[in-house]
Amino acid sequence: MKRMRFLRFGLLFLLLLIGLGGNAQRLLTGVITDETNSPIPFARVYVKNDADLRVQADVNGVYEMRLFEGEYFLVISSMGYQDRESYIVINSVDTTRRDIQLFPAKVQELEAFELVTKRTNPGRDIMMKVVEKRDQINPWNLPHTVDVYIKASEKITRTGKEKDKDKDEEVGQIEDPFEAEKKKIMAAANDMNLLEVQIQRNFSPPAKVKEFRNAYTLRGNDKQLYYTTTVKSNFNFFQNLIHLNDLHQSPVSSPISTPGILSYKYKLEAQYMEEGRKIHKIKIIARNTATTTLTGYIYVIDSVWLIQKLDLTMEKGNLLKYDYFRIEQTFSQPG
289 MKRMRFLRFG LLFLLLLIGL GGNAQRLLTG VITDETNSPI PFARVYVKND ADLRVQADVN
349 GVYEMRLFEG EYFLVISSMG YQDRESYIVI NSVDTTRRDI QLFPAKVQEL EAFELVTKRT
409 NPGRDIMMKV VEKRDQINPW NLPHTVDVYI KASEKITRTG KEKDKDKDEE VGQIEDPFEA
469 EKKKIMAAAN DMNLLEVQIQ RNFSPPAKVK EFRNAYTLRG NDKQLYYTTT VKSNFNFFQN
529 LIHLNDLHQS PVSSPISTPG ILSYKYKLEA QYMEEGRKIH KIKIIARNTA TTTLTGYIYV
589 IDSVWLIQKL DLTMEKGNLL KYDYFRIEQT FSQPG
């Protein structure tokens with residue numbers, strides 16, 4: 289009698305496990321990319337009409353969501369891009385993959401977004417005109433050659449013992465002021481590593497780079513001077529996202545893009561004439577410093593809406609190696 293009870297209990301437990309397995313959640317995963325197939329970090333994915341079923345992609349655009357078997361309409365969104373719906377069927381397969389591509393919102397549609405800014409913003413209006421013709425003026429669409437200057441420096445912080453040792457060596461010595469000043473200059477030089485490089489950079493689309501080093505000056509040690517070549521990082525601000533894997537923790541939203549119009553504040557700081565052309569000096573500030581600290585100035589030629597110069601900086605935060613990084617780009621214009 290006891291044996292029969294045990295068998296019934298065992299059979300019931302087995303059926304219960306099978307039933308639970310049939311109702312288990314399945315994994316839905318994929319990558320969210322833009323029109324150039326570059327990953328869009330932190331895009332949002334949710335099930336239509338169900339506020340509880342929502343996730344956010346990671347820095348590489350990868351999302352994961354667990355769903356029960358059935359049919360779903362997914363909504364995918366990211367600031368500056370058109371929302372997209374995608375129909376998906378989750379079946380008994382453990383993992384379903386669905387990659388999704390988003391396209392930038394049209395510049396004219398940006399007025400529909402609620403922005404914490406004044407209604408009249410000349411700086412933003414000028415940048416919207418630049419973004420409208422960005423693909424036409426993008427120098428990375430064509431082969432080109434540029435002159436590059438890199439200056440990398442590292443300040444060395446000496447320990448207290450090293451400083452005390454230097455002081456002990458100076459005790460009892462009487463030096464003339466000129467010799468003392470010379471020692472200060474030498475000490476400052478010894479407390480810094482400095483590298484200056486001049487490069488001719490040849491670029492061919494989509495991503496072929498060849499460098500010729502024309503000058504190289506090193507003071508100290510270059511082992512910790514991280515950025516000494518442009519081969520790995522391509523500072524193309526004419527795309528939506530700039531991937532600087534060896535410099536920055538996450539992709540940087542370009543201020544010369546439709547998503548960038550929503551990611552930065554633009555302020556017209558100055559207007560002046562240069563060689564018969566009116567130049568607009570526009571200051572940019574990142575709205576969310578958690579993802580980028582990019583700030584600086586964009587110089588735009590009036591009427592033709594071409595970029596004359598970029599002068600941008602990044603500070604600490606998401607920088608992998610440096611405390612401060614500055615990018616200057618000057619574009620030669622026909623005429």
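Numbered according to this note's numbering, the sequence shown spans residues 289 to 623.
Note that CB positions come from ideal geometry on N, CA and C, so glycine has one too.
#1: Please state whether DSSP places Asn533 in a helix, a strand or coil.
#2: Compute the Euclidean distance between the alpha carbons of Gln389 and Trp428, then round it to the nearest angstrom.
#3: Taking a contact to mean a Cβ-Cβ separation below 8 angstroms, would you say Leu582 touches Leu535 in this structure?
#4: Check the DSSP bridge columns for Arg385 and list the partner residues they point to.
#5: Check for me: the beta strand (DSSP E) holding Ile572 runs from which residue to which?
#6: I think Val418 touches Ile567, with their Cβ atoms under 8 angstroms apart; what is that distance to the nearest whole Å?
#7: Please tell me whether Ile378 and Glu352 are closer than 8 angstroms, where the distance is taken between their beta carbons.
#8: Hey, is the segment 431–446 in contact with the segment 480–490, meaning 3+ C-beta pairs nearer than 8 angstroms?
#9: Output the distance between the C-alpha atoms of Tyr560 and Arg342, rounded to the nearest integer angstrom.
#10: How about Ser380 and Arg332: are their beta carbons less than 8 angstroms apart?
#11: In or out: Arg385 buried (at least 16 other Cβ within 10 Å) or exposed?
#12: Apart from the five residues just before and just after Asp387, which ones in its own chain have a Cβ nearer than 8 angstroms to its Cβ?
#13: Is the closest heavy atom of the ligand SAH to the C-beta of Tyr369 under 7 angstroms?
#14: Judging by CA-CA distance, which residue of Asn509, Asn524, Thr505 and Arg501 is the nearest neighbour of Ala495?
#15: Which term fits Val459, buried or exposed, when burial requires 16 or more other beta carbons within 10 angstroms of its beta carbon?
#16: Can you tell me which of Pro431, Lys553, Thr618 and Lys394 puts its alpha carbon nearest to the alpha carbon of Leu412?
#17: Is DSSP giving Ile473 helix, strand or coil here?
#18: Between Lys604, Thr517 and Ala393, which lies nearest to Glu420 when the distance is taken from Cα to Cα?
#19: If we ignore side chains and look at the alpha-carbon of each, how far apart do Lys406 and Asn576 end up?
#20: When DSSP labels each residue in this structure, what does Ile414 get in the three-state scheme?
#21: Which value, in whole angstroms, describes the spacing of the CA atoms of Arg314 and Arg507?
#22: What would DSSP say about Gly358, mapped onto helix, strand or coil?
#23: Go ahead and pull the three-state DSSP assignment for Asn481.
#24: Let me make sure I understand the geometry here. Which of Val592, Ile572 and Gln344 has the alpha-carbon closest to that of Met602?
#25: Where does Gln559 sit, in a helix, a strand or coil, going by DSSP?
#26: Thinking C-beta only, is Ile414 closer than 8 angstroms to Ile530?
Put simply:
#1: Residue state, collapsed to three classes: coil.
#2: Taking C-alpha positions only, Gln389 is separated from Trp428 by approximately 22 angstroms.
#3: Their beta carbons are not under 8 angstroms apart, which means Leu582 does not touch Leu535 by this criterion.
#4: Bridge partners of Arg385: Thr317.
#5: Counting along the chain, the beta strand (DSSP E) containing Ile572 begins and ends at Arg565 to Ala574.
#6: Rounded, the Cβ-Cβ distance is 13 angstroms, inconsistent with contact.
#7: Against a cut-off of 8 angstroms, the Cβ pair of Glu352 and Ile378 comes out as no contact.
#8: Here the segment 431–446 makes contact with the segment 480–490; the two share three or more CB pairs at distances below 8 angstroms.
#9: Tyr560 and Arg342 have their C-alpha atoms roughly 49 angstroms apart.
#10: No; because the gap between Cβ atoms is not below 8 angstroms, this pair is not in contact.
#11: Answer is exposed; the Cβ neighbour count stays below 16.
#12: Cβ within range, chain order: Gly318, Val319, Ile320 and Thr321.
#13: As presented, the structure is devoid of all ligands, the ligand SAH included, so that no description of it is given.
#14: Nearest option by C-alpha distance: Asn524.
#15: Only weak support exists for where Val459 lies, its pLDDT of 49 falling under 50; the value from the coordinates is given anyway. When all chains shown are included, Val459 counts as exposed.
#16: At residue 412 the sequence reads Arg, which differs from the Leu that was named. Out of Pro431, Lys553, Thr618 and Lys394, Lys553 has the C-alpha closest to the C-alpha of Arg412.
#17: Note that Ile473 scores a pLDDT of 49, beneath 50, so its modelled location is shaky; the value from the coordinates is reported in the next line. Of the three classes helix, strand and coil, the one that applies to Ile473 here is helix, per DSSP.
#18: For the residues Lys604, Thr517 and Ala393, the minimum Cα distance to Glu420 belongs to Ala393.
#19: Residue placement at Lys406 cannot be trusted, given a pLDDT of 49 that sits under 50; the coordinates are not used to answer.
#20: The answer is helix: DSSP assigns Ile414 an H, G or I state.
#21: Distance between the alpha carbons of Arg314 and Arg507 is about 58 angstroms.
#22: Residue state, collapsed to three classes: strand.
#23: DSSP places Asn481 within a strand segment (E or B) once states are collapsed to three.
#24: Closest option to Met602, Cα to Cα, is Ile572.
#25: Gln559 falls in the strand class under three-state DSSP.
#26: Taking 8 angstroms as the cut-off, the beta carbon of Ile530 is found no closer than this to the beta carbon of Ile414.
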